[in-house]
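**Q**
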Amino acid sequence: MSPHEPEIPQAPAPPDRAAGALLLCRAEPEAVGPVARLLRERMLLARAGPRWSVLVPEGKPWLHGGEPVGRVLTGWATALAVGAPWPVLALWWDADHGGCILAAGFRRPVGYEWLANGTPVGEAEAMRALAARLGLDPVLDLQSLDGLTKPDSDADARARLLGLLAVLTRAGVALPAGLTPGEPADRLREAARARTDAQPLEWSGWRHAVRAELDAVERGSLGPWLPWAGTPRARALALAQVTAGLPLTAWGVHRRSGGWITAGALLVAHGALGLAYDLMRPRD
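Residue 3 is where the sequence shown starts when you use the numbering used here, and the numbers rise one by one after that.
(1) I'd like the ranges of any beta strand (DSSP E) spanning at least 3 consecutive residues and lying wholly in the stretch 39 to 80.
(2) Output the distance between the C-alpha atoms of Val112 and Val74, rounded to the nearest integer angstrom.
(3) Count the CB pairs spanning the stretch 32 to 40 and the stretch 146 to 162 that are closer than 8 Å, and state whether there are at least three.
(4) Closest to Ala196 by CA distance: which of Leu47, Ser155, Glu30 is it?
(5) Here's the rule: buried if 16 or more other CB atoms are within 10 angstroms of the residue's CB, otherwise exposed. What is Gly72?
(6) For Ala50, which of Thr245, Asp188, Arg172, Gly273 has the nearest alpha-carbon?
(7) Roughly how many whole angstroms lie between the Cα atoms of Ala86 and Pro59?
(8) Counting beta carbon pairs with one atom in the stretch 115 to 122 and one in the stretch 171 to 189, are three or more of them shorter than 8 Å?
(9) I'd like the list of long-range same chain contacts for Glu9, defined as Cβ closer than 6 Å, with 5 residues on each side in sequence excluded.
(10) Exposed or buried, Glu127, counting other C-beta atoms within 10 Å across all chains shown (16 or more means buried)?
(11) How should Ser155 be labelled, buried or exposed, when 16 other C-beta atoms within 10 angstroms of its C-beta is the threshold for buried?
(12) Check for me: the alpha helix (DSSP H) holding Ala133 runs from which residue to which?
(13) Could you have a look at Val84 and say whether DSSP puts it in helix, strand or coil?
(14) Could you pull the start and end residues of the alpha helix (DSSP H) that Leu166 belongs to?
(15) Taking Ala157 as the reference, give the member of Pro122, Trp94, Ala23, Trp88 with the closest Cα.
(16) Identify, in the order they occur along the chain, each residue of the same chain with its Cβ nearer than 7 Å to the Cβ of Met45, setting aside the five sequence neighbours on each side.
(17) Evaluate Lys62 with the Cβ neighbour count: other Cβ atoms within 10 Å of its Cβ, from every protein chain shown; 16 or more gives buried, anything less gives exposed.
(18) If I follow the unbroken alpha helix (DSSP H) through Leu142, where does it start and stop?
(19) Is the distance from the Cβ of Ala29 to the Cβ of Ser55 below 8 Å?
(20) Return the residue from the list Met129, Pro186, Ala20 that minimises the CA-CA distance to Lys152.
(21) Taking all protein chains shown into account, do 16 or more other C-beta atoms lie within 10 angstroms of the C-beta of Gly100, making it buried, or fewer, making it exposed?
(22) When DSSP labels each residue in this structure, what does Gly174 get in the three-state scheme?
(23) Tell me whether Leu241 is buried or exposed, calling it buried when 16 or more other Cβ atoms sit within 10 Å of its Cβ.
(24) Is it buried or exposed, Pro226, if we count other Cβ atoms within 10 angstroms and call 16 or more buried?
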């Protein structure tokens with residue numbers, strides 16, 4: 003370049019390229035897999051401690067759909083939780099924020115958020131709800147979580163998420179090596195792929211989804227749902243999922259929110275699978 007030619011500035015990388023996310027499910031991988039496939043997103047599934055699993059997104063829809071990573075993860079966590087009898091905790095971060103979202107059943111999701119420098123911007127009540135819904139110690143664990151809602155000039159958003167994970171270790175969470183909050187999505191994906199026990203999840207059509215779901219029910223890996231199979235209670239739950247999912251999908255379309263569209267569609271799909279199981283199971 004000539005010394006008289008002006009230097010052309012390089013365009014900064016989009017801030018969301020530094021974004022990443024992890025989905026922690028309080029269930030065995032065998033139970034999580036059939037439900038997570040219904041998200042129709044490519045993910046890697048691995049064990050994350052006794053009775054815990056972790057989902058690592060392979061794609062980065064927040065780069066293409068116009069939605070921030072936190073909103074995408076809210077939709078995914080909600081979709082997974084309403085389609086299963088176990089809670090889902092999403093950890094997410096980008097160049098400007100970091101946060102967590104807990105979804106459990108039909109309850110309204112609760113979440114907390116920090117700015118990149120660690121400044122709390124959530125409500126302390128959310129942490130109390132998180133502790134209660136995960137069954138954490140109401141004294142020691144809640145005291146640790148409460149500390150994450152206080153100002154701390156030495157703790158950035160990454161440190162806050164690591165502090166949250168430290169509390170969750172007492173509930174059995176043990177993330178595999180390399181799956182660390184604050185890392186870019188590409189690095190998380192490579193770390194997950196390097197594990198021999200990581201299971202890739204892809205959408206393979208409704209026939210495979212129904213078969214996998216029925217197999218999971220027969221094995222009992224869907225936990226508390228198995229005793230209801232074929233009963234009026236199970237049919238009522240499936241119908242409630244379909245009934246709730248349709249307006250949720252319509253609301254997501256109205257708001258142009260891909261995350262909530264996914265949540266509504268998964269709720270409808272899981273309810274339909276429950277009805278399909280009821281119709282296909284052998285009768286006495």
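Backbone N, C-alpha and C define an ideal beta-carbon position, used for all residues, glycine too.
Remember, it's a predicted structure, so these values are computed and weren't measured experimentally.
**A** Short version:
(1) 45 to 49, 55 to 59
(2) 15 Å
(3) no
(4) Leu47
(5) buried
(6) Arg172
(7) 19 Å
(8) no
(9) Any reading at Glu9 must be qualified, since the residue scores a pLDDT of 44, below 50, and its modelled position is unreliable; the value itself is stated next. Excluding sequence neighbours, Glu9 sits near nothing in its chain.
(10) exposed
(11) exposed
(12) 126 to 135
(13) helix
(14) 159 to 171
(15) Pro122
(16) Ala38, Leu57, Val58, Pro59, Glu60, Leu203
(17) buried
(18) 142 to 149
(19) yes
(20) Met129
(21) buried
(22) coil
(23) exposed
(24) Summary for Pro226: the model assigns pLDDT 40, below 50, so the residue's position carries little reliability, and this model does not support an answer.
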